[in-house]
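Presented below is the structure to which this report refers.
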Amino acid sequence: MKNEFSTAWQSSLQPRKQRKYNYNAPLHRKHKFLSANLSKELRKKYGKRNLPLRKGDEVLVMRGFFRKKKAKVSSVDIKRGLATLENLQRTKKDGSKVNVYFQPSKLQITALELGDKKRLEALDRKAAQKISKQVNAQPKQEKQLKENPAKEKSGKEIKEKKNASN
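The numbering of the sequence shown is the numbering used here, which starts it at 28 and goes up by one.
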């Protein structure tokens with residue numbers, strides 16, 4: 028791979044190429060890598076499984092020392108691919124407190140920061156698309172069942188056909 032980042036790159040099974048792709052990706056692409064799973068309520072509401080983290084989102088820590096702690100996202104470091112949470116800090120040996128960085132895959136979003144109009148519009152648009160697909164899919168299945176009803180044959184009819192063919 029001569030280029031640092033290729034927009035035409037599809038995929039590779041080699042871990043070194045995947046790491047290189049992630050490392051050399053531009054920031055607008057790296058932001059997508061910072062996605063965290065949504066809670067069950069938010070999944071039902073928006074019809075999506077995960078979303079990129081934003082400052083102000085409320086999250087639940089799923090793994091590690093701070094497991095089951097709820098907090099707000101205080102900052103998102105796109106270059107490093109990590110997020111810090113409010114009031115989740117470690118004390119160093121000298122007594123000073125340091126923010127703990129979390130990988131987004133270890134977090135679950137429980138409440139979204141909807142101050143950004145574009146984010147809200149995108150969520151509503153995606154949810155409307157999912158709902159319309161589900162509504163359109165259901166009548167098609169019902170029509171197919173009505174058009175081609177499965178003919179149930181009794182045991183007598185099957186025996187009669189066998190006897191007639193013999």
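The beta carbon of each residue, even a glycine, is placed where N, CA and C say it ideally should be. What you are looking at is a predicted structure, and each value in this text was computed from that prediction instead of being measured.
Own chain residues within Cβ distance below 7 angstroms of residue i, not counting five before or after
| i | result |
| --- | --- |
| Lys119 | Val125 |
| Arg70 | Arg76 |
| Ser33 | none |
| Lys59 | Pro79 |
| Gly91 | Lys133 |
Cβ-based neighbour list, residue i, same chain, cut-off 6 angstroms, excluding 5 preceding and 5 following
| i | result |
| --- | --- |
| Phe93 | Leu115 |
| Ile136 | Ala63, Leu65, Asp84 and Val86 |
| Phe129 | Ala110 |
| Glu31 | Asn51 |
| Leu150 | Tyr73 |
| Arg117 | Val125 and Val127 |
| Ala138 | Glu85 |
| Ile105 | Leu54, Lys57 and His58 |
Buried versus exposed, by CB contacts within 10 Å (16 or more), residue i
| i | result |
| --- | --- |
| Asn49 | exposed |
| Val88 | buried |
| Ala35 | exposed |
| Val162 | exposed |
| Leu54 | exposed |
| Ala98 | buried |
| Pro131 | buried |
| Leu40 | exposed |
| Leu147 | exposed |
Integer Cβ distance of residue i from residue j, believed to fall under 8 angstroms
| i | j | result |
| --- | --- | --- |
| Val103 | Leu61 | 6 angstroms |
| Ser123 | Leu112 | Not quite, the Cβ-Cβ distance comes to about 18 angstroms (not below 8 angstroms), so this is no contact. |
| Arg81 | Glu140 | 5 angstroms |
Beta-carbon contacts of residue i that lie in its chain and below 8 angstroms, excluding the five residues immediately before and after
| i | result |
| --- | --- |
| Ile18 | Outside the shown range of the chain (28 to 193) lies residue 18, about which nothing can therefore be said. |
| Lys153 | Tyr73, Gly74 and Lys75 |
| Asp201 | Residue numbering for the chain in the displayed model covers 28 to 193; residue 201 lies beyond these limits and cannot be assessed. |
> Going along the chain, which unbroken runs of the beta strand (DSSP E) with 3 or more residues stay wholly within the region 103–130?
Replying inline: Counting only unbroken stretches of 3 or more residues, the beta strand (DSSP E) elements lying wholly within the region 103–130 are 109–118 and 124–129, in sequence order.
> Taking only runs of the alpha helix (DSSP H) that begin and end inside the region 52–100, which ones reach a length of at least 4 residues, in chain order?
Replying inline: 54–60 and 67–73
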